[in-house]
Amino acid sequence: MKKITYIILFLAFLSSKGFAQEIQFDKQASVDQGYLKSQESANLLPMNELNVETGYALYLAEINLSVENPMLSLENVRDYAVVFLDDKLQGTLADQHKQLALKAGPGKHKLQIYVENIGRITYGPEILDNSRGLFGSITLGKDEIEDWMITPIKIKNLEVSKLIFEQRKSSSLPCFFKAEVNLSQPSAYYLDISGWGMGEVWVNGTYVGAYWEEEKQQSIQIPSEALKAGQNEIVVFELKNLEQKNMKLSKQAVFR
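Residues -20 to -1, 1 to 236 (mature numbering (1 follows the signal peptide of the UniProt record, and there is no 0)) are what the sequence shown spells out, left to right.
Now the structure itself:
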């Protein structure tokens, strides 16, 4: 009897300390399953001209470098961009940080910029300058980059149940990841996203929120209604920290 009491007290102690259940994301689906119709343009186009009010888009261009490690400079970045060159991560850009040295040598390369638009401003002086995405000039050194293929990406309102997943392997581009977790009974949890970069989360097909590594809170609240007794499916869209494999279900919010 005493042994059972000790076990109950120990479990209660773990719960009070934020005992967490680890989740492993062992399946993946390619981001191109969310691609919408592409549009060719000589110059950059803001996302509102693509009929994208919020969400993501891919800006793709073929470039020919004449020097090593040139500086990529953009006039406008709204709101956050992740830069890849030949499927390799180069770095990030934002409205306050619009330059990035590309790590590459002379020759032809594929420049891929994935952009997140967090929504249009509806108040204050910035309402007069409400374009989102990439627009204005974009240069490598002194040379303007032209001839873009711009593709909106359906993410937040995507039916993740229709994504085709496969066993996880190395991924160098933004990707969907899936994990399964068994619960004895549904309850409210926090999903600890520490170590991940920027993305979106669905639980059993229901969208539950977005995350960003720069925010103070490093967890997403999952209401009990989104969970069920038995097997639960968690899908994550991750923009940049593609080596991450684990998250945790916690009873407490997580802050950095």
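All C-beta atoms in this analysis are idealised placements derived from N, C-alpha and C, irrespective of residue type, glycine included.
Checklist entry - Considering only residues of the same chain and omitting the five flanking positions on each side of glutamate 96, which have a CB-CB separation below 8 Å? => result Gly35, Tyr36, Asp59, Tyr60, Ala61, Met178 and Leu219
Checklist entry - By a C-beta neighbour count over all protein chains shown, 10 Å radius and 16 as the cutoff for buried, is glutamate 180 buried or exposed? => result buried
Item to check | Beta carbon of glycine 175 nearer than 9 Å to that of glutamine 224 | outcome: yes
Checklist entry - With respect to the beta strand (DSSP E) encompassing proline 26, which residues constitute its N-terminal and C-terminal limits? => result Counting along the chain, proline 26 falls outside any beta strand (DSSP E), and DSSP gives it neither H nor E.
Item to check | Exposure of alanine 206, with buried meaning 16 or more beta-carbon neighbours within 10 Å | outcome: buried
Next on the checklist: Looking only at its chain, what residues have a beta carbon closer than 7 Å to the beta carbon of leucine 73, apart from the 5 residues adjacent to it on each side?
Outcome noted: Leu54, Val57, Ala61, Val63 and Leu80
Next on the checklist: What does DSSP give as the partner residue(s) for threonine 131 in the beta ladder?
Outcome noted: Leu38
Next on the checklist: One question on the structure: do residue 266 and valine 215 come within less than 9 Å of each other, judged by their Cβ atoms?
Outcome noted: Outside the displayed span of the chain (-20 to 236) sits residue 266, for which this structure offers no information.
Checklist entry - Just how far apart, CA to CA, sit leucine 44 and glutamate 20? => result Residue 44 is actually asparagine in this sequence, not leucine. Approximately 19 Å between the Cα atoms of the pair.
Checklist entry - If you run the structure through DSSP and keep just helix, strand and coil, what is serine 204? => result helix
Item to check | Those residues which DSSP pairs with glutamate 146 across a bridge | outcome: Gln8
Item to check | Classification of threonine -16 by the beta-carbon crowding that lies within 10 angstroms, buried from 16 upward | outcome: In this prediction, threonine -16 has a pLDDT of 47, which is less than 50 and means its spatial position is unreliable; nothing more can be read from the coordinates.
Checklist entry - Any heavy atom of the ligand FMN closer than 8 Å to the Cβ of threonine 72? => result Within the structure as shown, the ligand FMN is missing, as the structure has no ligands at all.
Checklist entry - Should valine 47 go down as buried or exposed, given a rule of 16 or more other Cβ atoms within 10 Å for buried? => result exposed
Next on the checklist: Count Cβ pairs between the segment 120 to 131 and the segment 141 to 153 that sit closer than 8 Å; are there 3 or more?
Outcome noted: no
Checklist entry - Does DSSP put valine 95 in a helix, a strand or coil? => result strand
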